[in-house]
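Same order as they appear, the protein sequences are chains A and B. Heads up: the first sequence begins at 1 in the numbering used here, then just goes up one per residue. Heads up: the second sequence begins at 186 in the numbering used here, then just goes up one per residue. The structure appears right after this line, and notes come after that.
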Amino acid sequence: MTVVYINIIILCLLVITAIAINQQDNLFATTMLTGIFSLLSASLFVCLDAVDVAFTEAAVGAGIALILFLGSLAFIKYKEKIENKVSVFGLITVILTGILLIYGIHDIPGFGVADNPVQTHLADKYIVGSSKEIGIPNLVTAVLASYRGYDTLGEVVVIFTAGIGVLMLLGRSRENYKGLIERED
Amino acid sequence: MEHHLVLRVVARIIIPLIMLFALYVQFHGDYGPGGGFQAGVIFASSFILYGIIFGIAKLRQVIHPSFVRSSAAFGVLIYVGVGIVTILNGGEFLNYNVLSQSAEAGQHIGIMIIEFGVGLTVASTMIILFFAFAKP
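See below:
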């Protein structure tokens, strides 16, 4: 029962942080609040017994992403440009989507129930089989690296491609820019 | 950041510990939470901390951008290479069972190597991103 209360508290804090991010016009504060949001989600994942996901969220969301945001903040102004424009179309879309989501809640299976479709298809195969077939204690690593090896290869290639993309957009251009200035001198 | 004495001293103490923790997460991923993705990010964060405290020019001397670029590609190559080796040993692509005499030992070796590839690519890519975004 205590876990339920902790979940409720963390979810409330997440909503408060999200509203604060939306209201804040100082980009530095927004960045910090995003980090807090990531840390809160990480603790939520710990409550859900997903330690590996929590670890990733804390390392990537609250760690590296924050530093990269701060690094890019150094290039721009700290104040967000405020536009006091209320888009009616956007408001209607958000309200409709919210109503649809709340309506959809009635149809999803109960939280953590054993006979959910998610739990009955492959999960027991992994849980029973992995100790015999893979032989490593961490089930997440077994699924990630062995059963779903193709997926993980795809993820690594995606990260690599993202790095290449950033290099092509930002990495070279500054060196060329510097070279241009030197040539002009 | 050159006048921040406390930051410099603390960074010097903490950077090796971050690296050690990253290696622990990397190679203990079979037994506890962790793995290549998390370890790569933590390992990269030690270099990024060094870059923030001591400056980008110093970081370029420690680890050159061209080296990071090639090691990012090398990580993917390790991962795919394991797949190729399993094909050559007579299994399917990324079927680690054929890597060793017993299937279980093969799985252990395969997972260890591909996690290393993942960690290398993730760490290198994060450092690449930092080099690209950091103000020189």
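Quick reminder that beta carbons are idealized off the backbone N, C-alpha and C, glycines included. These numbers were taken from a predicted model, which means no experiment stands behind them.
When the Cα atoms are used, what is the spatial distance from residue i to residue j?
| i | j | result |
| --- | --- | --- |
| residue 131/A | residue 58/A | 28 Å |
| residue 9/A | residue 117/A | 28 Å |
| residue 157/A | residue 64/A | 19 Å |
| residue 312/B | residue 229/B | 6 Å |
| residue 104/A | residue 7/A | 21 Å |
| residue 68/A | residue 274/B | 42 Å |
| residue 54/A | residue 79/A | 31 Å |
| residue 254/B | residue 260/B | 10 Å |
DSSP three-state label for residue i, please.
| i | result |
| --- | --- |
| residue 79/A | strand |
| residue 282/B | helix |
| residue 184/A | Confidence at residue 184/A is low in this model, with a pLDDT of 44, below 50, so its placement is unreliable and no value can be given for it. |
| residue 116/A | coil |
| residue 7/A | helix |
| residue 26/A | strand |
| residue 148/A | coil |
| residue 243/B | helix |
| residue 277/B | coil |
| residue 179/A | Confidence in residue 179/A is poor, its pLDDT being 48 and thus under 50, which makes the residue's placement too unreliable to answer from. |
| residue 287/B | coil |
| residue 165/A | helix |
Please classify residue i as buried or exposed, where buried requires at least 16 neighbouring CB atoms within 10 angstroms.
| i | result |
| --- | --- |
| residue 286/B | exposed |
| residue 300/B | buried |
| residue 252/B | exposed |
| residue 267/B | buried |
For a contact meaning CB atoms closer than 7 Å, what does residue i contact in chain C?
| i | result |
| --- | --- |
| residue 56/A | The structure shown has no chain C; the protein chains it does contain are A and B. |
Short of 6 Å in beta carbon distance, which residues of its chain neighbour residue i, apart from the five on each side in sequence? Order them along the chain.
| i | result |
| --- | --- |
| residue 284/B | 291, 294, 295 |
| residue 30/A | 21, 24 |
| residue 92/A | none |
| residue 220/B | 214, 300 |
| residue 231/B | 200, 203, 204 |
Short of 7 Å in beta carbon distance, which residues of its chain neighbour residue i, apart from the five on each side in sequence? Order them along the chain.
| i | result |
| --- | --- |
| residue 193/B | 238 |
| residue 3/A | 47 |
| residue 256/B | 305, 309 |
| residue 94/A | none |
Grab me the residues of residue i's own chain with a C-beta within less than 8 Å of its C-beta, minus the 5 sequence neighbours each way, in chain order.
| i | result |
| --- | --- |
| residue 14/A | 37, 40, 41, 44 |
| residue 206/B | 227 |
| residue 235/B | 196, 200, 243, 244, 247 |
So if I threshold CB-CB distances at 8 Å, which residues from the segment 224-247 of chain B count as touching chain A? When CB distances to chain A are screened at a threshold of 8 Å, the residues of the segment 224-247 of chain B falling below it are 226, 227, 229, 230, 233, 237, in chain order.
Taking a Cβ distance cut-off of 8 Å, strictly less, list which residues of the segment 298-318 of chain B are near chain A, in chain order. Listed by position along the chain: 299, 300, 302, 303, 306, 307, 309, 310, 311, 313, 314, 315, 316, 317, 318.
Near-chain B residues of the segment 140-162 of chain A - C-beta to any C-beta below 9 Å: If the cut-off is 9 Å between Cβ atoms, the segment 140-162 of chain A has 140, 141, 142, 144, 145, 146, 149, 150, 152, 153, 155, 156, 157, 159, 160, 162 near chain B.
Along the segment 61-85 of chain A, what residues have a CB closer than 8 Å to any CB found in chain B? Within the segment 61-85 of chain A, the residues whose Cβ lies closer than 8 Å to some Cβ of chain B are 63, 64, 67, 68, 71, 72, 74, 75, listed in chain order.
Compile a chain-ordered list of the residues in the segment 106-133 of chain A whose CB is closer than 7 Å to at least one CB of chain B. Correct list: empty, as no residue qualifies.
Scan the segment 202-222 of chain B for residues whose Cβ lies nearer than 7 Å to a Cβ of chain A and list them as they occur along the chain. Only 214, 215, 216, 217, 218, 219, 220, 222 from the segment 202-222 of chain B bring a Cβ to less than 7 Å from some Cβ of chain A.
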